[in-house]
Amino acid sequence: MVKKVKYLGVNLTSKNLNLFKDNYEKCWLEVKKDLETWSRLKLSLLGRIAAVKMNVLPKMLFLFQTLQVVDRMECFGKWQRDISKFVWQGKKPRIKFKILTDAKERGGFALPDLRLYYEAAAFCWLKDWILLENTDVLDLEGFNNSLGWHAYLWYGKVKTHGMFKNHIVRKAIFMVWMKYKDLLESKTPRWLSPVEAKAWKKPNMEAGWPKYWELIEKIGDNWRLRSFENLKDKVRDWFHYAQINEVVKLDKKIGFQVEKSKLETELLEPKTKVLSRMYNLLLKWNTQDETVKSAMIKWAQDIGYNIMFEDWERLWTIGMKFTACNALKENIMKMIYRWYMTPVKLAKIYHLSDNKCWKCKEAEGTFFHLWWTCPRVKAFWEMIYNELKKVFKYTFSKKPEAFLLGIVGQKVLKKDRTFFMYATTAARILIAKHWKTQDLPTLEEWQTQLIDYMELAEMTARIRDLGEEAMEEDWKKFKNYLQKFYKLYEL
């Protein structure tokens, strides 16, 4: 007898216990080989994250959506470690995994969280159990159920009907549901059907089960079951009506959900992008303790005042979009999360006696000192500031959050902000190139770097179909500046 058969990309085994081994473990061995191959390529941090998103995630999503059999979550920890090893090239991570997986609009790197994708896929399966519409699937998946689906999902009948969890797929999906049940539905949900929950399971399941929002009404501050006359087409007889009324009285104790819940708006109602909607919802909950990130607090301590959360959000949602080049975006993200190793940090790691700044050789080499307060670095930024005033032909306040993070605010006119982002990013990248030396970039290096970035800006305009006029408008002042002051650029 054949032990397994491959059907539509899934290995079907003679024993359910082997489904995980012959599918998930086999797939991950192939993924690990790919990660080892890609680790030899010279990819940036964002490039490695993109490789995971484009090559690893689709393979795993296929299994998540076709074979929900993971009942132990330890495997996700192992997979996370393998991905982390690839992303960080075997070195110690410099940024928390939660921040890496968080959405870009919240300051994250959008690295896929496989556990959350698995759970989001489980909810896609769960959608049929909740809506009770796809009776063919429900008959197949609940072939040995004794009661209605909602009896197990909401009324805790799994405790007395253990057969429900003896099914490998039902058990895995039910575990995900129980993990998020209270978060998704704190009160008796609108979609719940007490009629279906109290019905004995029949071989051919019926459709059209009435939900709570069809059965109850609010009189003043009190919820009650609609009259028998109004529910004649939904209940069998007076005895059945009385049974449902008793259930309503019990459910009323924890209250009824009046407004649509997140489960309804993100899972039950949408017809498309259900998986991504649920993933984004679970991701938001999973990373909510990182809303105010430790790096944001450290920046406030360094510069001596708070940066408004709205300014951070504006940087993540708008400011980062000044270019399509990942190398430039990566520099801003590295600055936000204080990526660069400093003499102070290296002295702590390697127990060194010397923690002085590499540039001035006098003060402690802290992150903020090396990037802003060191006398030599300060002189460099003053030079950049003076050149930008020549470009823009007006003065503006020189704030560290603008030059180091790209949080421009109202300091620079809106029409000049794109060029300002290119100019300050060029300066930071040049400082990073001279990181562990006493050298600092020259004015000529900065100007040359910006001339090179004009090509990046042109490519960005083409990719985004902005037209040459938009790009020319952003760089017109810089071209005039080069021609007027240095005769370096012919108009």
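Mapping to the working numbering: the sequence shown position 318 is 302, numbers consecutive. Ideal Cβ placement from N, Cα and C applies to all residues, glycine included.
Around the beta carbon of VAL(-11), fewer than 16 other beta carbons sit within 10 angstroms, so the residue counts as exposed. DSSP places TYR(-9) inside the beta strand (DSSP E), whose first and last residues are -12 to -9. In this structure, ARG154 and GLU125 form a Cβ contact; the two beta carbons are roughly 7 Å apart against a cut-off of 8 Å. Taking a contact as a CB-CB distance under 8 Å, the pair ASP86 and THR271 counts as one, their CB atoms being some 5 Å apart.
Collapsing the DSSP output to three states places LYS345 in coil. Secondary-structure assignment with DSSP links THR(-3) through a beta bridge to LYS(-12).
For LYS10, the secondary structure class from DSSP, reduced to helix, strand or coil, is helix. The bridge partners DSSP lists for ILE152 come to none. Assigned with DSSP and collapsed to three states, ILE391 falls in coil, not helix or strand. If you check the CB distance, CYS344 and ARG360 come in under 7 Å. In the DSSP annotation of this structure, ASN2 is not part of any beta strand (DSSP E), being labelled neither H nor E.
In this structure the segment 429 to 436 lies against the segment 408 to 418, because at least three pairs of beta carbons, one per stretch, are closer than 8 Å. With respect to ARG261, GLU253 sits apart: the two C-beta atoms are not nearer than 7 Å. Counting along the chain, the unbroken alpha helix (DSSP H) around TRP133 starts and ends at 133 to 137.
When secondary structure is reduced to three states using DSSP, GLU169 falls in the coil class, being assigned neither helix nor strand. For TRP207, no alpha helix (DSSP H) segment is defined; the enclosing uninterrupted segment is the beta strand (DSSP E) at 206 to 209. DSSP lists LEU131 as the bridge partner or partners of TRP184. Using a Cβ-Cβ distance cut-off of 8 Å, the segment 272 to 285 and the segment 232 to 243 are not in contact, since fewer than three pairs of beta carbons, one from each stretch, lie closer than that value.
DSSP places GLU457 outside any beta strand (DSSP E); the residue lies instead in the alpha helix (DSSP H), whose first and last residues are 452 to 465.
Put simply, the segment 126 to 145 touches the segment 174 to 187. At least three CB pairs are less than 8 Å apart. In the DSSP assignment, the residues bridged to GLU201 are ARG208.
Under the three-state reduction of DSSP output, LYS340 falls in the strand class. Judged by DSSP secondary structure, MET443 falls within the alpha helix (DSSP H) whose first and last residues are 427 to 447. In the structure shown, the three-state DSSP call for PHE240 is strand.
Under the criterion of beta carbons closer than 8 Å, GLU348 and VAL328 qualify as touching, at roughly 6 Å.
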